[in-house]
Amino acid sequence: MSARQATISDVETSGKRQALLGAGHVLLGKLGQALLTLWATVTLLFVAQAVLPGDRATIYLNVLEGYSVTRTPEELAPINREFGFDRPLLVQYADYVGGVLQGDLGTALQSRRPVTDLILEQIGATALLAVSAIVLAWLIALAWTLATAGRHPALSRIGATVEALAAGMPHYWLGLLLLLAFAVHLDWFPVVGGDSWRGLWLPALTLAIPLAGFLGQAIRGEYEHALGQPHVLSSRARGTDEWRVRVVHALRPALIPGITLTGWALGALVSGAVIVENVFSRPGIGALLVSAVELKEFELISGIILIVSLVYVLITFLTDWLYTLVDPRVSFERKGEA
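Shown next, in the form of structure tokens:
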């Protein structure tokens, strides 16, 4: 090997090492942000429970018994001892954080069952609904974008208009519309969703259609821009099949905004699931949250919010990694500079 080749090899090795170090620094920064977000969420949830108007033991007994009365010190003393309401706030906060770190999110008032168990029983149904909705949304968005973007201007305008209309559809209205059309009139799907596979389609489609509109809007601009790039024009000039040009060469870099939006959507879908699971009478976190609010189950409400926040933070963290898998030109160094 010549001296010049050795120098080039050393430079390449040094560049790779710097890139890895840069990626590690950015990853640590993202991890720090994720942990800070979770700590802030836990703290806010504790504060929200601590500042509830009135004595917490009184609130507990009134919720448990279903009516509000003035409680005697003798009634309140055992509740304060059991839950530690009579201890200093800092001690209660330390116990709360310690419990969260061990997976203990408290106890539901009505059922006297651990909040963690109640959430774990329902989270599978919501996760299945959310993942199904995202898969459907991507399929709809990609098919619609490929069919309408970068073609005749009138067709592109129609495609963009339909995406805007879909993105603005309220879940409640859309769910009722699909329920009446496909379950009541056509009888293709069950009216009550339950936990069957047939009962999953309409709830998933209800969540997927607005999300597909958002994804289509995010992808369309980048996709039409990519179709005009030199490497795409060069592929067309070489006689490459049009389908291959549109899907392989132009679509891949256009997916990045959609991937970013998907990370946000997984968290946002839970709020949509609250409505959809009740419209279609499906089990899940949404139905559990509505029940917790109606029963004033503050521990359960806090636990659900914390779990949703954890999922959202994890998905956002993983989304950052997907950038480099979809388009190698998007590097950790660029993200760090931003």
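So for the sequence shown, my numbering puts the first residue at 866; every next one is plus one. In this text, a Cβ means the ideal position worked out from N, Cα and C, and glycines have one as well. This one's a predicted model, so the numbers in the text were calculated from it and none came from an experiment.
Residue(s) in a DSSP beta bridge with residue i
i       : result
Pro1075 : DSSP lists no partner for Pro1075.
Pro979  : Thr972
Backbone secondary structure at residue i - three-state DSSP
i       : result
Thr972  : strand
Arg1085 : helix
Leu1205 : No answer is possible for residue 1205: the residues shown for the chain start at 866 and end at 1203.
Asp1052 : coil
Gly963  : helix
Gly1137 : helix
Lys1207 : What is shown of the chain runs 866 to 1203, which leaves residue 1207 out entirely.
Gly1151 : helix
Glu1028 : helix
Distance CB(residue i)-CB(residue j) smaller than 9 Å
i       : j       : result
His1036 : Val1158 : no
Thr1127 : Ile1180 : yes
Leu970  : Ile984  : yes
Gly1081 : Glu1028 : yes
Leu1160 : Leu1011 : no
Leu1134 : Arg1111 : no
Ala1046 : Ile1150 : no
Ile1166 : Leu1183 : no
C-alpha distance - residue i paired with residue j, whole-angstrom precision
i       : j       : result
Leu1065 : Trp1129 : 22 Å
Leu1068 : Val956  : It is worth fixing the name first, because residue 1068 is Pro in this sequence and not Leu. If you take the alpha carbons of Pro1068 and Val956, they lie about 44 Å apart.
Phe986  : Pro1148 : The sequence shown places Glu at residue 986, not Phe. Approximately 9 Å, taken between the alpha carbons.
Arg1063 : Ala1032 : 25 Å
Asp1168 : Arg1016 : A small fix is needed here, since residue 1168 is Gly in this sequence, not Asp. Those two C-alpha atoms are separated by around 49 Å.
Ala1048 : Ser997  : 19 Å
Gly837  : Ile1084 : Residue 837 lies beyond the range of the chain shown here (866 to 1203); nothing can be said about it.
Val1141 : Tyr961  : 32 Å
Leu1039 : Ala1138 : 13 Å
Leu1116 : Tyr1088 : 6 Å
Gly1086 : Thr1071 : 25 Å
Pro1055 : Leu1007 : 28 Å
Ser1021 : Ala1014 : 5 Å
Gln914  : Asp982  : 21 Å
Nearest-angstrom Cβ-Cβ length linking residue i and residue j, presumed shorter than 8 Å
i       : j       : result
Ala1002 : Leu1131 : Not confirmed; about 11 Å, so no contact.
Thr906  : Leu1171 : 6 Å
Val1178 : Leu903  : 6 Å
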